[in-house]
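Peer 1: Please find one structure pasted underneath; my questions will follow.
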Ligand code: GLC
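Residue numbers (my numbering): 819 to 1274.
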């Protein structure tokens, strides 16, 4: 009798437990992560799947961002202005912590309670996501502009080294282009890059400008540094490439357009980010379509008059929306994706640069992506865009800059006129704590008036 009662009791407990488990399973949390759409998106999906496998109570839906960084910022800002809880985790650009900080969660308490060892990251990358003491993101991968070049074609045309200067690159590009066209490839071009009017052009043009000794657009001390002979010469030089060694359409190219031409075997040189490397080699699983597998290598970008090349510092962070209704789960997802094993996986499968220091001496990474170890100094010394000094105004500065450069590339004006006007525009955006830097002796009238009236 007692046994029977006990059995009934036990089965009631079991059923209640099952019912509870059922309730628990139904209350699965769904997170939405806003991810970039440039490069190997299937690999991002695999990483998210690995997280779901390890966390069966969390479902993660990927929402794909537009390709242009400028457009991505627009979408994020719109969401945030509406205090939308649709997206829990944002992938956002290295230049935006200052712009987005107010709408992102401070991860500091979760970093502590989850025992995340933040000393594994490069301090400058980790600290870039700290705004006024608030840790608004975790660095996911870093980026730096690099030069891709066709090893087979350099050899074919008698060049025994990659170009050391931009002038040398332009001359090699012209020779190879002429030869390949004569050989029957009418679609062949010497050089492709990111020439569309968007954030990518700010990166490319900053590289030309800085490697020519023309400054960093806005210096860390607040000097507006565009209206100077070196910067002007750098942009005029780039304008001469259009239609000669670079396709006229390059003024509407973004990263994927340039990669498309290079991967189809139709360019001798390409400026791009590291992600294009593994795809050019057919991808980690060899499924990406490519005509350049085994036929290219990468090097630091060639030097301008400054005597050194310059790589723009890029990279992406993961942050939690302040309006998320699932903050702890979202934090968990971020800590998973940025942990050292996942960063290694990403390096091996997507040739993205880890933000974890130890990855740069990892033998597996060195074997699969040899350039990562070879170009460490380039990544470590990459030139930041002026996002720290301009803070929340960075995007306005960048938009003014890439439009001014784009006007020159598309032949609407010359760099001297465009950058004289740009200096004034930037001063208007940035205000009285910023001053226009030394202007060329032969100033455009508007800049001269400005310098005279502001004393800058
Ligand atoms: C890359 C960089 C990013 C940059 C963007 C420009 O994604 O990582 O920092 O803003 O390119 O197109």
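Even for Gly, the Cβ is constructed at its ideal location relative to N, Cα and C.
Ignore the nearest five residues each way along the sequence and tell me which others in residue 948's own chain have a CB closer than 8 Å to its CB.
Peer 2: Within the same chain, residue 948 has close Cβ partners 915, 954.
Peer 1: Spatial neighbours of residue 1224 within its chain, please: CB distance less than 8 Å, with the 5 preceding and 5 following residues excluded, ordered by chain position.
Peer 2: Hits under 8 Å: 1013, 1014, 1015, 1019, 1069.
Peer 1: Count Cβ pairs between the segment 1048 to 1066 and the segment 1208 to 1227 that sit closer than 8 Å; are there 3 or more?
Peer 2: Yes, the segment 1048 to 1066 is in contact with the segment 1208 to 1227.
Peer 1: Can you tell me the Cα-Cα spacing of residue 1095 and residue 1103, whole angstroms?
Peer 2: Those two C-alpha atoms are separated by around 13 Å.
Peer 1: Pull up the distance between the alpha-carbon of residue 1129 and that of residue 1087, whole angstroms please.
Peer 2: If you take the alpha carbons of residue 1129 and residue 1087, they lie about 16 Å apart.
Peer 1: Quick one: is residue 1198 buried, meaning 16 or more other Cβ sit within 10 Å of its Cβ, or exposed?
Peer 2: Residue 1198 should be labelled exposed.
Peer 1: Following the continuous alpha helix (DSSP H) through residue 1095, name the residue where it begins and the one where it ends.
Peer 2: Residue 1095 -> alpha helix (DSSP H) spans 1093 to 1098.
Peer 1: List the DSSP bridge partners of residue 1009.
Peer 2: DSSP output for residue 1009 lists 1087 as bridge partner(s).
Peer 1: Could you say which of 1188, 1145, 1152 lies nearest to residue 1165 if we only look at CA atoms?
Peer 2: Of the candidates 1188, 1145, 1152, the one whose C-alpha sits nearest the C-alpha of residue 1165 is 1188.
Peer 1: Return helix, strand or coil for residue 1145, following the three-state DSSP convention.
Peer 2: Residue 1145: helix per DSSP, three-state reduction.
Peer 1: Roughly how many whole angstroms lie between the Cα atoms of residue 1035 and residue 942?
Peer 2: Cα to Cα, residue 1035 sits roughly 21 Å from residue 942.
Peer 1: In whole angstroms, what is the alpha-carbon distance linking residue 1100 and residue 1231?
Peer 2: C-alpha separation (whole angstroms): 41 Å.
Peer 1: Note down the Cα distance separating residue 1030 from residue 1097, rounded to an integer number of angstroms.
Peer 2: C-alpha separation (whole angstroms): 31 Å.
Peer 1: Use the C-beta contact count for residue 779: other C-beta atoms within 10 angstroms, 16 or more gives buried, fewer gives exposed.
Peer 2: Any question about residue 779 goes unanswered here, given that the chain covers just 819 to 1274.
Peer 1: Would you identify the three-state DSSP class for residue 1014, choosing helix, strand or coil?
Peer 2: Residue state, collapsed to three classes: coil.
Peer 1: Is any non-hydrogen atom of the ligand GLC found closer than 7 Å to the C-beta of residue 1017, if you look at the structure I gave you?
Peer 2: Yes, Cβ of residue 1017 sits closer than 7 Å to a heavy atom of the ligand GLC.
Peer 1: At a cut-off of 7 Å, is residue 1012 close to the ligand GLC when judged by its beta-carbon and the heavy atoms of the ligand?
Peer 2: Yes, the ligand GLC has a heavy atom inside 7 Å of this Cβ.
Peer 1: Please report the straight-line C-alpha distance between residue 899 and residue 1210, rounded to a whole angstrom.
Peer 2: If I take the Cα positions, the gap works out to 14 Å.
Peer 1: Going straight from the alpha carbon of residue 851 to that of residue 897, what length do you get?
Peer 2: Taking the straight line from one Cα to the other gives about 13 Å.
Peer 1: If I'm right that residue 1121 touches residue 982 with Cβ under 8 Å, what's the distance once you round it to whole angstroms?
Peer 2: Yes, residue 1121 and residue 982 are in contact; Cβ-Cβ is about 6 Å, under 8 Å.
Peer 1: Look up residue 1264 in the DSSP assignment and say whether it is helix, strand or coil.
Peer 2: Because residue 1264 carries a pLDDT of 49, less than 50, the predicted location of this residue cannot be relied on, and the following value inherits that uncertainty. Three-state DSSP puts residue 1264 in a helix.
Peer 1: Cα-Cα, which of 1206, 1143, 1022 is closest to residue 849?
Peer 2: The shortest C-alpha separation from residue 849 is found at 1143.
Peer 1: Contact check, residue 1148 vs residue 860 under 8 Å by CB: the rounded distance?
Peer 2: With a Cβ gap of about 23 Å, residue 1148 and residue 860 do not count as contacting.
Peer 1: Per the DSSP calculation, residue 952 is bridged to which residue(s)?
Peer 2: Residue 952 pairs with 949.
Peer 1: Does residue 1077 come out as helix, strand or coil in the three-state DSSP assignment?
Peer 2: In this structure, residue 1077 counts as helix in the three-state DSSP scheme.
Peer 1: If we call anything under 8 Å between Cβ atoms a contact, is residue 1168 one with residue 857?
Peer 2: In contact: residue 1168 and residue 857 (Cβ atoms closer than 8 Å).
Peer 1: Residue 1002: buried (16+ other C-beta within 10 angstroms of its C-beta) or exposed?
Peer 2: By the 10 Å Cβ count, residue 1002 comes out exposed.
Peer 1: According to DSSP, is residue 1271 helix, strand or coil?
Peer 2: Any reading at residue 1271 needs caution, since the residue's pLDDT is 40, under 50, leaving its predicted position unreliable; the model's value is listed next. Helix at residue 1271.
Peer 1: Is the separation between the beta-carbon of residue 1196 and that of residue 1204 shorter than 8 Å?
Peer 2: In this structure, residue 1204 does not lie closer than 8 Å to residue 1196 by Cβ.
Peer 1: What is the residue span of the alpha helix (DSSP H) that residue 972 lies within?
Peer 2: 969 to 974 is the span of the alpha helix (DSSP H), which, as asked, contains residue 972.
Peer 1: Pairs of beta-carbons, one from the segment 861 to 874 and one from the segment 884 to 896, closer than 8 Å: are there three or more?
Peer 2: Contact between the segment 861 to 874 and the segment 884 to 896 is absent, because fewer than three Cβ pairs lie under 8 Å.
Peer 1: Please indicate yes or no: does the CB of residue 1280 lie closer than 7 Å to some heavy atom of the ligand GLC?
Peer 2: This structure leaves residue 1280 out entirely; the chain is present only between 819 and 1274.
Peer 1: Using a Cβ-based criterion (distance less than 7 Å to any ligand heavy atom), does residue 805 qualify as near the ligand GLC?
Peer 2: Outside the shown range of the chain (819 to 1274) lies residue 805, about which nothing can therefore be said.
Peer 1: Looking at residue 1083: is its Cβ nearer than 8 Å to the Cβ of residue 1110?
Peer 2: A contact, by the Cβ cut-off of 8 Å.
Peer 1: Confirm, please, whether the CB-CB distance from residue 1200 to residue 962 is below 8 Å.
Peer 2: Yes, these two residues count as a Cβ contact at 8 Å.
Peer 1: By alpha-carbon positions, which one of 1250, 886, 1157 ends up nearest to residue 1075?
Peer 2: Among 1250, 886, 1157, the Cα nearest to that of residue 1075 is on 886.
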